[in-house]
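The structure under discussion appears below in the form of structure tokens.
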Amino acid sequence: SVNVPEDSGRRGVKLYQQGDIKGAIEVLRSAVKERKDNSEAWHYLGLALNRNGDVKGARKAFETAVKLRPDFSPSHTGLAYALLLTNKLSEAGREAERALALDPKIAEAHYIVGAVRLRGKLYAKALEASEAALRIKPELSPALLVKTQAQVNIYLEAIAPVEKESRDSRVQRSREAGVHLREAVQSLEKFLALEPNVKNADIWRQQLETMQVHSGSGGSDGPIFSPSEVTTKAVIRKKVEPQYTEYARQSGIEGTVLMRAVFAADGKVKHILLVQALSHGLTEEAIKVARQIKFNPAIKDGRPVSQFVQIEYNFHLY
Numbered sequence: 022s023v024n025v026p027e028d029s030g031r032r033g034v035k036l037y038q039q040g041d042i043k044g045a046i047e048v049l050r051s052a053v054k055e056r057k058d059n060s061e062a063w064h065y066l067g068l069a070l071n072r073n074g075d076v077k078g079a080r081k082a083f084e085t086a087v088k089l090r091p092d093f094s095p096s097h098t099g100l101a102y103a104l105l106l107t108n109k110l111s112e113a114g115r116e117a118e119r120a121l122a123l124d125p126k127i128a129e130a131h132y133i134v135g136a137v138r139l140r141g142k143l144y145a146k147a148l149e150a151s152e153a154a155l156r157i158k159p160e161l162s163p164a165l166l167v168k169t170q171a172q173v174n175i176y177l178e179a180i181a182p183v184e185k186e187s188r189d190s191r192v193q194r195s196r197e198a199g200v201h202l203r204e205a206v207q208s209l210e211k212f213l214a215l216e217p218n219v220k221n222a223d224i225w226r227q228q229l230e231t232m233q234v235h236s237g238s239g240g241s242d243g244p245i246f247s248p249s250e251v252t253t254k255a256v257i258r259k260k261v262e263p264q265y266t267e268y269a270r271q272s273g274i275e276g277t278v279l280m281r282a283v284f285a286a287d288g289k290v291k292h293i294l295l296v297q298a299l300s301h302g303l304t305e306e307a308i309k310v311a312r313q314i315k316f317n318p319a320i321k322d323g324r325p326v327s328q329f330v331q332i333e334y335n336f337h338l339y
């Protein structure tokens, strides 16, 4: 058997800090084999595996680190993040809350609480948690995305159709609710300023344009109606299911991508507004297939019109 030096755990930590992730994983694996109670090596192994896209491996490493050292808040945060990525929401929230009970100044733990609340449709609480994260660490870009999506959802709740409401009243309400969408635009602009080269930057840039249309201005397509305002609602003729990306499958990513879009009078899917996103290429995959939906446009007063619709795609590994 290989004789692992006493300080291999420390060496692995150094390699991780220097950005040699694969080298760190190799050395840290040896370190935890040699000394199964080395909580620091388990913690950094979790961080390195997460960075390398092995979410399941990271989760196991953090679970061990937490057992060995229950009062070390960063390990609870690391475990919470791995649980969030695999859509284990209640466990992720619980671990993040444990981290915050130990140290309320962990921005990443506040972000995870926000992400869990966002997926649980508790939008005001998601906004609150993301803002708490950004007060501690203004450059924490994932928290800006949670904040953006929370604000978009608060806007959508504010403009939800009210029975027997006149169109003028609805347009007025949309204008007033527009403040939430303008705030979402600001959050997203900050995100793109921090992460100009992020993988899906083009999707988020399209979102900025789309938000203008959804703010009630209607854009160049003329008026856009809610389902309750049309005589006959738009009917989907063909909807393709999205494919799992290999990266997401290997990492065990699960969850739902939610969108609000316009089924336009000309038969095209337009202005896709992301309500809830997922990582590892799944959002891009969902948007790609949403654009391919075939439908019969809504009818009002005998003519085809544009209608707002909600689209969702569930990603589950069996």
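FYI, the numbering used here numbers position 156 of the sequence shown as 177, with every residue one higher than the one before it.
Built from N, CA and C at the ideal position, the CB exists for glycine as well.
If you draw a straight line from the C-alpha of residue i to the C-alpha of residue j, how long is it?
i, j, result
"residue 41", "residue 69", "9 Å"
"residue 285", "residue 95", "48 Å"
"residue 168", "residue 299", "15 Å"
"residue 225", "residue 205", "12 Å"
"residue 194", "residue 322", "24 Å"
"residue 289", "residue 282", "10 Å"
"residue 113", "residue 98", "9 Å"
"residue 89", "residue 115", "18 Å"
"residue 332", "residue 34", "44 Å"
"residue 223", "residue 213", "10 Å"
"residue 327", "residue 87", "53 Å"
"residue 228", "residue 215", "16 Å"
"residue 54", "residue 155", "38 Å"
"residue 277", "residue 324", "34 Å"
"residue 165", "residue 150", "11 Å"
"residue 239", "residue 317", "Any reading at residue 239 needs caution, since the residue's pLDDT is 48, under 50, leaving its predicted position unreliable; the model's value is listed next. Distance between the alpha carbons of residue 239 and residue 317: 20 Å."
"residue 119", "residue 84", "13 Å"
"residue 337", "residue 186", "39 Å"
"residue 268", "residue 50", "23 Å"
"residue 287", "residue 209", "30 Å"
"residue 25", "residue 43", "Since pLDDT at residue 25 reaches only 40, below the 50 mark, its modelled position is unreliable, and no value is offered."
"residue 91", "residue 117", "13 Å"
"residue 143", "residue 279", "15 Å"
"residue 334", "residue 37", "36 Å"
"residue 163", "residue 248", "33 Å"
"residue 198", "residue 179", "6 Å"
"residue 157", "residue 184", "42 Å"
Compute the beta-carbon to beta-carbon distance between residue i and residue j, rounded to the nearest angstrom, for a pair I have assumed lies under 8 Å.
i, j, result
"residue 30", "residue 52", "4 Å"
"residue 128", "residue 121", "Their Cβ separation, rounded to whole angstroms, is 10 Å, which puts residue 128 and residue 121 out of contact at 8 Å."
"residue 103", "residue 71", "6 Å"
"residue 140", "residue 177", "15 Å between Cβ atoms; not a contact."
"residue 304", "residue 294", "At roughly 12 Å, the Cβ-Cβ gap does not stay under 8 Å, so residue 304 and residue 294 are not in contact."
"residue 201", "residue 172", "5 Å"
"residue 243", "residue 266", "At roughly 36 Å, the Cβ-Cβ gap does not stay under 8 Å, so residue 243 and residue 266 are not in contact."
"residue 82", "residue 67", "4 Å"
"residue 100", "residue 274", "That pair is no contact at about 16 Å."
"residue 251", "residue 319", "4 Å"
Please name the residue or residues paired with residue i in a DSSP beta bridge.
i, result
"residue 307", "BP columns for residue 307 are empty, so no partner."
"residue 335", "277"
"residue 212", "Looking at the DSSP assignment, residue 212 forms no beta bridge with any residue, so it has no partner."
"residue 319", "326"
Any heavy atom of the ligand FAD closer than 6 Å to the CB of residue i?
i, result
"residue 257", "Of the ligands one can find in the structure shown there are none, so the ligand FAD has no counterpart to examine."
Please tell me whether residue i has its Cβ less than 7 Å away from any Cβ of chain B.
i, result
"residue 109", "The chain inventory of the structure shown lacks chain B, comprising one protein chain alone."
Alpha helix (DSSP H) segments (min. 4 residues) lying fully within the stretch 221-263: Listed in chain order, they are 222-233.
The stretch 55-65 in contact with the stretch 246-261 per 3-pair CB rule at 8 Å: no
Any alpha helix (DSSP H) of 4 or more consecutive residues that is wholly inside the stretch 262-296: 267-272
Three-pair Cβ contact test at 8 Å for the stretch 184-198 versus the stretch 127-140: no
Segments of 3+ residues assigned as beta strand (DSSP E) that fall wholly inside the stretch 35-104: none
contact_flag[the stretch 310-323, the stretch 256-272] where n(CB pairs < 8 Å) is 3 or more: yes
Length-filtered (4 minimum) alpha helix (DSSP H) runs lying within the stretch 97-181: 110-123, 128-140, 144-157 and 162-179
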